[in-house]
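S.K.: Going by this note's numbering, the sequence shown opens with residue 124, and the numbers climb by one from there.
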Amino acid sequence: MKILNIIQRYPPAIGGAEFYCQGLSRYLIKKRHSVCVLTTDVYFEEEFWRDPPPENCLLRFGRIEYDGKIKIIRCRRNKINYFFFLIFKIMEKFLKVYFYGPHSIEMYITMFCQMKHFDIIHLYALPYPHNLVALFIAKLFRKKVIITPLFHIGHPYYELYGNYLILKKSNAIIALSSVEKKYYIDKGLNKDKVFVAYNGIDPIDYIPKDLDRFKCNIFDKYNIKKDTKIIIFIGRKIEYKGIDTLIEVIRLLRKEIPLKLFLIGPNFDWFNKYYANLSDEEKNDIVDFGVVEHQTKVNLLHLSHILVLPSRFESFGTVILEAWICGVVALTTKDNPSAEIIDNDMATFVYGDVFSLRNKIYNILQNQQLYNTLLYEGRYKVYKYFIWDKVGSRVEEVYYKLTNNENITSKS
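(1) Assign residue 411 to one of three DSSP states: helix, strand, or coil.
(2) Quick one, are the C-beta atoms of residue 276 and residue 245 less than 7 Å apart?
(3) Mapping DSSP to helix, strand and coil, what is residue 437?
(4) Would you mind giving the Cβ-Cβ distance between residue 281 and residue 326, rounded to the nearest angstrom? I have them listed as a contact below 8 Å.
(5) Are the Cβ atoms of residue 264 and residue 239 separated by less than 7 Å?
(6) Using the three-state DSSP reduction, which class does residue 340 fall into: helix, strand or coil?
(7) Can you list, in chain order, the stretches of the alpha helix (DSSP H) that have 4 or more residues and sit fully within the segment 487–515?
(8) Measuring CB to CB, does residue 125 end up less than 7 Å from residue 157?
(9) Please go through the same chain and pick out, in chain order, the residues whose beta-carbon is closer than 6 Å to the beta-carbon of residue 414, but skip the five residues on each side of it.
(10) Output needed for residue 228: all residues of its chain with C-beta closer than 7 Å, excluding positions within five of it in sequence on either side, in chain order.
(11) Excluding the 5 residues flanking residue 412 on each side, which residues of the same chain have their C-beta closer than 6 Å to its C-beta?
(12) Beta strand (DSSP E) containing residue 157: first to last residue?
(13) Cα-Cα, which of 153, 127, 154, 166 is closest to residue 135?
(14) Roughly how many angstroms separate the alpha carbons of residue 237 and residue 160, rounded to a whole number?
(15) Is residue 280 helix, strand or coil when you go by DSSP?
(16) Buried or exposed: residue 145, going by 16 or more other Cβ atoms within 10 Å of its Cβ?
(17) Where does residue 330 fall in DSSP's three states?
(18) Would you list the residues sitting across from residue 188 in a DSSP beta bridge?
(19) When the Cα atoms are used, what is the spatial distance from residue 368 to residue 476?
(20) In this structure, does DSSP put residue 351 in helix, strand or coil?
(21) Put residue 136 into one of helix, strand or coil per three-state DSSP.
(22) Within the same chain, show all residues whose beta-carbon is closer than 7 Å to that of residue 498, passing over the 5 residues directly before and after it, in chain order.
(23) Can you check DSSP and say which residues form a bridge with residue 226?
(24) What is the rounded straight-line gap between the Cα of residue 436 and the Cα of residue 351?
(25) In whole angstroms, what separates the C-alpha of residue 321 from that of residue 168?
(26) Around the Cβ of residue 198, are there at least 16 other Cβ atoms within 10 angstroms (buried) or fewer (exposed)?
(27) Specify the secondary structure class of residue 521 as computed by DSSP and reduced to three states.
(28) Kindly confirm or deny that the segment 403–411 and the segment 324–339 touch, where touching means at least three C-beta pairs closer than 8 Å.
(29) DSSP on residue 482, reduced to helix/strand/coil?
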């Protein structure tokens, strides 16, 4: 089967949608499908709308690359001027369509030229405009369209009418949780074309390397004592991710327990201003690593005790699976769809509630039996439900139903 994946970015660009697309693509290659990824040449998310500063010009992507046997076509991103920005603002207000970017004229032309050669068109990551353009072109060629929206329930940009139109016109929708599927059904989408496949990881990608030496270097550099408990956050450092709540919790707990907070992921203007206002003493215990290589992230996870995902909006926090496979307890917010897979009130808390999160962390760190139970539950779930061989097979089944023109009916 020939599959065209269309997404706004692809690794080494960092993001949940990007890693999902890569993981699924690698699974499909193992199953002897032909996979091509059509994407942009963007690395940092800020490049969607503006040119990066010189110090962030770290990579130069080629037009055609290969990730193993996955063909990657990276198209040049077009910078949007102020006139078009105003037009897109009007489109959002009156047509309820998100069209701010990223945009690539080269990408749109390539869609039109290449799409006829593929059996399945798989779209990723609402609300970005490549989904709307690709859907329109796919319908011209009468191609089967499947979309993994990675929907952020309640987020205003995701809730625009244009996104629901894309979902309605797609042949199948891959939801990452039962919560997400129910949400679509409540919004009036056809339940028979919404399938729950969850997210996935490959355990082999999370093996630590040279961990003893790495630990010595990190502990020496950041003055970490043997009895220090390490809390870790991984993700984009934007306001709705709840990092401010987590930092407030650390401020409270560090008076009772020796703690360090590791922050990993790309920084945004909001976070830079927030972090700059921390005292030097607080920065000693709240360490911002910024963007790190995958192996560094894996090693830092293996040094950690608890991962916290304190977000208001999420589709499915891949970092929870990463924590579990590395032997780390994971906590997240109650209304986050990721809470569905944690399924334990001792590891979920109310978004923005400092004292709720403080009590959860404190209880887990002080109760070894609870800590071990949460560790066992997480690791068991990863291998039973969330490795790519299991997740990918669910998506592959939908592909076959579409290409065989079967009357697809979701049983998940």
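We treat Cβ as the ideally placed atom computed from N, Cα and C, and that holds for glycine.
M.R.: According to the data block:
(1) Counting from one through the sequence shown, the residue named residue 411 turns up at place 288. If DSSP states are grouped into helix, strand and coil, residue 411 belongs with the strands.
(2) Within the sequence shown, the letter at position 153 stands for residue 276. Within the sequence shown, the letter at position 122 stands for residue 245. Not in contact: residue 276 and residue 245 (Cβ atoms no closer than 7 Å).
(3) Taking the sequence shown and counting its residues from 1, one reaches residue 437 at position 314. Residue state, collapsed to three classes: coil.
(4) Stepping through the sequence shown from its first residue, residue 281 is reached at position 158. Stepping through the sequence shown from its first residue, residue 326 is reached at position 203. Taking 8 Å as the upper bound for CB-CB distance, residue 281 and residue 326 are not in contact here, some 31 Å apart.
(5) Sequence index remark: in the sequence shown, residue 264 carries index 141 (1-based). Sequence index remark: in the sequence shown, residue 239 carries index 116 (1-based). With respect to the 7 Å criterion, residue 264 and residue 239 are classified as neighbours on the basis of their beta carbons.
(6) Reading the sequence shown from its first residue, position 217 is the one you call residue 340. Note: residue 340 maps to helix in three-state DSSP.
(7) Those alpha helix (DSSP H) runs which fall completely within the segment 487–515 and span 4+ residues are 491–508.
(8) In the sequence shown, counting from the first residue as 1, residue 125 sits at position 2. In the sequence shown, counting from the first residue as 1, residue 157 sits at position 34. At the C-beta level, residue 125 and residue 157 come within 7 Å of one another.
(9) Here residue 414 is taken as the residue at index 291 of the sequence shown, counted from 1. 389.
(10) In the sequence shown, counting from the first residue as 1, residue 228 sits at position 105. Hits under 7 Å: 201.
(11) Stepping through the sequence shown from its first residue, residue 412 is reached at position 289. Setting aside the 5 residues that flank it on each side, residue 412 is surrounded in the same chain by 387, each with a C-beta closer than 6 Å to its C-beta; the list follows chain order.
(12) By one-based count along the sequence shown, residue 157 stands at place 34. Unbroken beta strand (DSSP E) run through residue 157: 157–163.
(13) If you number the sequence shown from 1, residue 135 lands on position 12. Of 153, 127, 154, 166, the residue nearest in Cα terms is 166.
(14) Locating residue 237 in the sequence shown gives position 114, counting from the first residue. Locating residue 160 in the sequence shown gives position 37, counting from the first residue. Going by the C-alpha atoms only, they are around 11 Å apart.
(15) The residue given as residue 280 occupies position 157 in the sequence shown. Residue state for residue 280 is assigned as coil, using DSSP reduced to three classes.
(16) Here residue 145 refers to the residue found at position 22 of the sequence shown. Per the 10 Å Cβ criterion, buried.
(17) Along the sequence shown, one-based indexing puts residue 330 at 207. Looking at residue 330 - three-state DSSP - the assignment turns out to be coil, as it is neither helix nor strand.
(18) Within the sequence shown, the letter at position 65 stands for residue 188. DSSP output for residue 188 lists 195 as bridge partner(s).
(19) Taking the first residue of the sequence shown as 1, we reach residue 368 at position 245. Taking the first residue of the sequence shown as 1, we reach residue 476 at position 353. Spanning the two alpha carbons is a distance of roughly 7 Å.
(20) Numbered from its first residue, the sequence shown carries residue 351 at position 228. Coil at residue 351, not helix or strand.
(21) As a working note, residue 136 is residue 13 in the sequence shown. The answer is coil: DSSP assigns residue 136 none of H, G, I, E or B.
(22) Translated into positions along the sequence shown, residue 498 becomes position 375. Apart from sequence neighbours up to five positions away, the residues of its chain that approach residue 498 with a beta-carbon distance below 7 Å are 450, 452, ordered along the chain.
(23) One-based indexing of the sequence shown puts residue 226 at position 103. According to DSSP, residue pairing for residue 226 in a beta bridge involves 201.
(24) Taking the sequence shown and counting its residues from 1, the one referred to as residue 436 is at position 313. Taking the sequence shown and counting its residues from 1, the one referred to as residue 351 is at position 228. If you take the alpha carbons of residue 436 and residue 351, they lie about 30 Å apart.
(25) Looking up residue 321 in the sequence shown gives position 198. Looking up residue 168 in the sequence shown gives position 45. Roughly 24 Å between the two C-alpha positions.
(26) Counting from 1 along the sequence shown, the entry for residue 198 is found at position 75. Buried, because 16 or more other Cβ atoms sit within 10 Å of the Cβ of residue 198.
(27) Here residue 521 refers to the residue found at position 398 when the sequence shown is read from its first residue. In the displayed model, residue 521 falls within a helix according to three-state DSSP.
(28) The segment 403–411 vs the segment 324–339: no contact.
(29) Within the sequence shown, residue 482 is the residue found at index 359, counting from 1. In the three-state reduction of the DSSP assignment, residue 482 falls in the helix class.
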